[in-house]
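Let me begin by presenting the structure, written as structure tokens, before commenting on it.
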Amino acid sequence: MATEIGRRGILAGATLLATPGLVRAQGEAIRIGEINSYTAQPAFLAPYRNAWVLAVEQVNAAGGINGRRLETVFRDDAGRPEDAVRHAGELVNAERVHLLAGGFLSNVGLAIGDFARQNRRLFVASEPLTDALVWAQGNRYTFRLRPSTYMQAAMLVEEAAKLPARRWATVAPNYEYGQSAVRWFKELLTRAKPDVQFVGDQFPALGRIDAGATVQALASTTPDAIFNVTFGADLTNFVRQGNTRGLFERRRVVSVLTGEPEYLLPLGDEAPENWIVTGYPWEDLNTPGHVTFRDAYRQRWNEAPRLGSVVAYDTVSAIAAMLRKTGANTETEGMVEAMRGLSFPTAFGTGDVTFRAVDHQSTLGAYVGRTALRNGRGTMVDWRYADGARYLPADEVVRGLRPQG
Amino acid sequence: MSVVLEVEGLAKSFGGVRAVQGVGFAVDAGEMLALIGPNGAGKSTCFNMLNGQLRPDAGRVRLLGRDITGMVPRRVWRLGVGRTFQITATFGSMTVRENVQMALLSHAGRLLHLWRPATDAFVAEADALLARVGMAEQADRVSAILAYGDLKRLELAIALANAPRLLLMDEPTAGMAPRERVALMELTAGIARESGIAVLFTEHDMDVVFAHADRIIVLDRGRLIAEGAPPAVRANPEVQAVYLGAGLVHG
Amino acid sequence: MEDLLIQALNGLASASSLFLVASGLTVIFGVSRIVNFAHGSFYMLGAYLGWTLVTRLPEGLAGTPFGFWGGVLLAALITGLIGMVVEMLLLRRIYGSPELFQLLATFGVVLVVQDLALMAWGPQDLLGPRAPLLRGSTDLLGLRFPRYELFLICVGPVVLGLLWLLFHRTRWGRLVRAATQDREMVSALGIDQRRLFTGVFFLGSLLAGLGGALQLPRESVNLHMDLAIITEAFVVVVVGGLGSLGGAFLAALLIGELHAFGILILPKITLVLVFLVMAVVLVVRPHGLLGRASAPVRGAAAAPDPPVGPTPRPLVIAGFAALALLIVVPPFLRDYEVSILVDLAVFVLFAASLHFIMGPGGMASFGHAAYFGAGAYGAALLVKHLAAPMGIGLAAAPLAAGLLGLAFGWFCVRLSGVYAAMLTLAFAQIAWSVAFQWVEVTGGDNGILGVWPAAWANTKLVYFYLTLALCLGGTLLLRRVVRAPFGMALRAQRDSTLRAEAIGIDGFRIRWLAFALAAAMAGIAGGLFAYAKGSVFPTYLAISRSVDALLMVLLGGVQTLSGPILGAIGFAGMQEQLMRASDLWRLIMGGVIIALVLFFPQGLAGAVRRLWEGRRA
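Protein chains in written order, with UniProt numbering: chain L, 1 to 405; chain F, 1 to 251; chain C, 1 to 617.
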């Protein structure tokens, strides 16, 4: 398995600026303040930062934006929104960054979003999935790249509704992301298939799952199918106990994010088979755009990209496209206007995606497929690209969800 | 002379062992009453029931005619009972004067005051009390570094701070040199007579007891076996038996 | 019905794992009276070492029972040796220090081990192999149950039995028991205490390491294991009664089963359930299920506190000079630096409020963040639900925190020592879970956003002056109160409960009111922090913030009024700068803490004071 650059590298980067490009671009550099939970979520964010560095290097090697180089100042929020807010203040006030980016956990994303609104700074949220970021607490200065909890749930519901299963149980980490994923899944599935019944919910604390007892509690509700939202260490422990106790036998499992290599690979040969998941088929996705990206990434970091890598690469691509649109002008209101309706190519190689003007959500999609074992490790099969644009509610609905004015 | 403390039928058991049973006596104002008895006779248990540290199983304790049985120590103190301990208990982080000021502030009901510095309160009164026990020149020393005899005198000053009607002194001279013992007991007796304070004390040192007590009560295995003036108690055959059987002086 | 039985078995398996760790902790505490925070780190080391030994086996051994079980036992043995080394190099030198200071030292070890483990094993979760012979599952009542869990269920009682034999049938064990009951007596018998203590540390750490290594087939190994297990192990040890092995076993069963069945009934409150139970047990049985009264946290071995004299003149001058600087300089600073000054001012008041109950009050609190958070949430909830202006929000902060302090304090101040500290922790965790779970009101982990200052205070500079005025006012008020009759009574009941009671001081009432006053002051700090950040989160009430406050106070020195001020500035400043400057900040921070404990046992302020007095003498 490929090695990540590790926390040492990440934090060393916190004090250094990203390495300058091959070509010394002219003019004052454009500074991006990037805040993420590097130490709390290394599995996702180490490949993320690798791709970020790669993308910035590529932009600068190509002469920067109108001759201005991109520079990044990285900060680690350790998974705590209050640290993220502190870093945001420091980045804006001390490091004089022109815009903010990043965010992994939902609550961190919301906190930075509110900071952006209050301080009138552009915030390009890459990862946080919470719907509130662009809807209930959406604001003029916040944009989000990844498909939201709602979109991921909608993609999976499409598949789940085709199953014969009627009795469903759910398991999700006990924080906003887990709760709202379960809420949307229930609502959308019930809408699609009114006769389903939800027989039990488990909400283990994030990172603290008591896997044996949780598995047993799920089994005791005798569901036909299970909806899983756990990830990382919780997922690993859940799968191991579930396998031993036969929880997944004769049951379908529908699972958010589990098809992402960062969560599938640590499971090794114990990776579950035939789960319906959202994820990233990094080995088999051979669109020209993705092949180029994958090769460049492998050449730079000597490992395969993860989904985090795609997210980071696309975030930098979006920022670069926006800056080309403003003519490298870093005045905040101008950048915000450029972001609205901005189109840029994704590293998936599936064409352009767009930041919708109506709610600042990008139309980036995800891959939906089944898990399978290949060469002693998990992978995705029967996958298809679910275009984000297809899984968002109609514009009138969105306007109702989002504070206007 | 008026009766300050009256005790009737006091009893206490610990897990089936009768530590004190049916003890009764009285102390008059200005009187020095000694409570003696061999080890394990129940002196400390008896003592601790008087000021409320222990709750008696049966019996009554009356202070100036008022029933104080089972009251918590701080309420007993508010009714005019000062106390010194076998192992001295003072406030080690405070100066000698502050120790006395603390008692004076408590007596004045000012414990919840948040603003004016406590060290400015009752300075003259505290110094007067310290002078009375011969500690005036040590007023500014931290009590944690005092010699043992000085600690005993400081305790006495603290105990006098609320103008008590009754002083309870548990082994007041324990751990002191013989000359100091005499001095402290003379001091106490003088104060008691001067202010009409009733004093009840326990004591191991028979010389101290017979030299300073006005009256003596003797406890053995939880029971009162003798009571009277020192010569009468000394002559009492039962007391002699108890003490001869156990060796006359304990320490 | 079968489901319930299986769930009970799950509970037993968790209980066994918990007992292994807790038994080591309680044995160590019983003999050395050290509250060993680093015990969780030994557990984590045991797991990591086990992973390495089992997965890096030479050909021929890999996958064999001998290789696996040999690896697990070897990992436990190595962990025991590491514990022994820590005892000999560090803890042995500080047995005479106050207990909280020892705790600080073990916390330093936690930080050091975290970074060392990161360097050695990297940040990714590691999934260990399954146990040979115990890979599969067994049919029980028609349900499948993992064989490994059955094995674990047996491990707990077996270890309890072995420990019982060790403590009752060997001379060494009898000495350990004697030392648990009366340390002085054992040294009077002419026994080499040092070897006894070192041996106990070896045994305790070995048990922790074994507990960690035995998790390999169950769970992935990660860097969060240490703090996750140590809180639970503390709960088990305290609920069982400090130093009582039987108590620890009972408590582990109780907690394990609670977890298992709590999941069935109230799946969302599993985290707080254990703390609820601990609170109930401690309120009903102040010394745990099978415990006896323990020595106070600030042990008798410690020298009495120095007197609270008038503030020395040079200190007054230095204070005024600092104040003048704080008023004159900020307009010339950048916004970022001003906002750091705001944070520092807030932390000074927060630390001073904790110091008030720890120093003059003599009570330890592991849950002071609850009141900081209560102040922050008090203000933020008014803003969110009633759109209250900042003035009202800031007034509500001390009120909310003070009321919470009255409520929690009523229970906490009745207890003493480690038990009191653990009860404050339990209440803080309960408060945290309310903030975390009551999503409709508190916003859950998304917190409450948009708590920005009023328009007139909306520049960093004006807000700094407001914070400075309130925090300085609060800190000076606390200093004043310490010297006032109330503070004197507080110190009096700390010095001698017996004497205080004998001169009419109601120790409970004094402690209770002091607790509430400290809570209210922490509330002001919390309220100011909320407006400074524009948001509140459950992390405001988290254990780590309580620990931060504790570190600030201990770093500064409990025995000095200026201690918390220096401690807050030193700690917060050091952490901020270290985090920016080095990826090894935990290692450095831990090293600094350990050095401080060894060389400046009076804290920063104490060291300064000694230097000053030494020069004058």
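No residue lacks a Cβ here, since even glycine has one placed at the ideal position from N, Cα and C.
Computed from a prediction, not measured in an experiment: that's the story for all the values here.
Does the count of Cβ pairs from the stretch 125-134 of chain F and the stretch 61-74 of chain F closer than 8 Å reach three? no
Residues that glycine 534 of chain C contacts on chain L, provided the C-beta gap is smaller than 8 Å: Val85, Asp114, Phe115, Gln118
Excluding the 5 residues flanking isoleucine 191 of chain C on each side, which residues of the same chain have their C-beta closer than 7 Å to its C-beta? Leu175
Am I right that leucine 188 of chain L and valine 157 of chain L are in contact with their C-beta atoms under 8 Å? What's the rounded C-beta distance? 4 Å
Segments of 4+ residues assigned as alpha helix (DSSP H) that fall wholly inside the stretch 491-532 of chain C: 497-502
Beta-carbon separation of aspartate 395 of chain L and valine 358 of chain L under 8 Å? yes
If you measure beta-carbon to beta-carbon, which residues of the stretch 111-124 of chain F are closer than 9 Å to chain C? Leu111, Leu112, His113, Leu114, Trp115, Arg116, Pro117, Ala118, Thr119, Ala121
Tell me the DSSP secondary structure of methionine 176 of chain F in three-state form. coil
With distances taken Cα to Cα, identify the nearest neighbour of residue 469 of chain L among C:Asn10, C:Leu266, C:Gly67, C:Arg285. This structure does not reach residue 469 of chain L, given that chain L is present from 1 up to 405, and the question cannot be answered.
When you compare the CB of arginine 144 of chain C with every CB in chain L, is at least one pair closer than 8 Å? yes
Checking 8 Å against the spacing of the C-beta atoms, do alanine 47 of chain C and methionine 225 of chain C come in under that value? yes
Other residues of its chain near lysine 384 of chain C: CB distance less than 6 Å, five sequence neighbours each side excluded: Ile448
Between the alpha carbons of isoleucine 197 of chain F and serine 13 of chain F, how many angstroms are there, rounded? 31 Å
Tell me which same chain residues have a C-beta within less than 6 Å of the C-beta of threonine 170 of chain L, skipping the five on either side of it? Val182, Asp201, Phe227
Completely contained alpha helix (DSSP H) runs for the stretch 47-87 of chain F, where each covers 4 or more residues: 73-78
Over what stretch of residues does the beta strand (DSSP E) that includes glycine 279 of chain L continue unbroken? 276-279
Could one say the Cβ of phenylalanine 185 of chain L lies closer than 8 Å to chain C's Cβ atoms, at least one of them? no
Can you tell me which residues form a DSSP beta bridge with alanine 366 of chain L? L:Ala386
Is there a Cβ of chain C sitting closer than 8 Å to that of glutamate 273 of chain L, yes or no? no
In the stretch 385-414 of chain C, which residue ranges form an unbroken alpha helix (DSSP H) of at least 4 residues, counting only runs that do not cross its ends? 390-412
Is the separation between the beta-carbon of leucine 596 of chain C and that of aspartate 115 of chain C shorter than 8 Å? no
With a cut-off of 8 Å, does the C-beta of histidine 385 of chain C fall near any C-beta of chain L? no
Report back the beta-carbon spacing between alanine 352 of chain C and proline 564 of chain C to the nearest angstrom; my notes put them in contact at under 8 Å. 4 Å
Nearest candidate by alpha-carbon position, reference arginine 66 of chain F, set F:Leu79, F:Ala121, F:Gln21: F:Leu79
If you compare alpha carbons, which of F:Thr69, F:Gly52, F:Leu54 is closest to arginine 60 of chain F? F:Thr69
Please report how far the alpha carbon of alanine 301 of chain C lies from the alpha carbon of alanine 568 of chain C, in whole angstroms. Here alanine 301 of chain C scores only 37 on pLDDT, less than 50, and its place in the model should not be relied on; the value that follows carries that caveat. When rounded, the distance between both Cα atoms is 27 Å.
Does any C-beta atom of chain C lie closer than 8 Å to the C-beta of serine 317 of chain L? no
Rounded to a whole number of angstroms, what is the C-alpha to C-alpha distance between glutamate 95 of chain L and leucine 342 of chain L? 27 Å
In the stretch 248-273 of chain L, which residues sit with their C-beta less than 8 Å from some C-beta in chain C, listed in chain order? Pro266, Leu267, Gly268, Glu270
With the cut-off set at 8 Å, would you say leucine 70 of chain L and isoleucine 112 of chain L are in Cβ contact? no
What residue from C:Pro453, C:Gly71, C:Val441, C:Leu341 has the CA that sits closest to isoleucine 392 of chain C's CA? C:Pro453
From the DSSP output, which residues share a beta bridge with glutamate 8 of chain F? F:Arg60
Does tyrosine 48 of chain L get closer than 8 Å to chain C when you measure Cβ to Cβ? no
For arginine 223 of chain F, which option in F:Arg193, F:Val20, F:Ala126, F:Glu31 has the closest C-alpha, if you only look at C-alpha atoms? F:Val20
Cα-Cα, which of C:Gly590, C:His168, C:Phe275, C:Glu149 is closest to arginine 130 of chain C? C:Glu149
C-beta atoms of methionine 151 of chain L and leucine 392 of chain L nearer than 8 Å: yes
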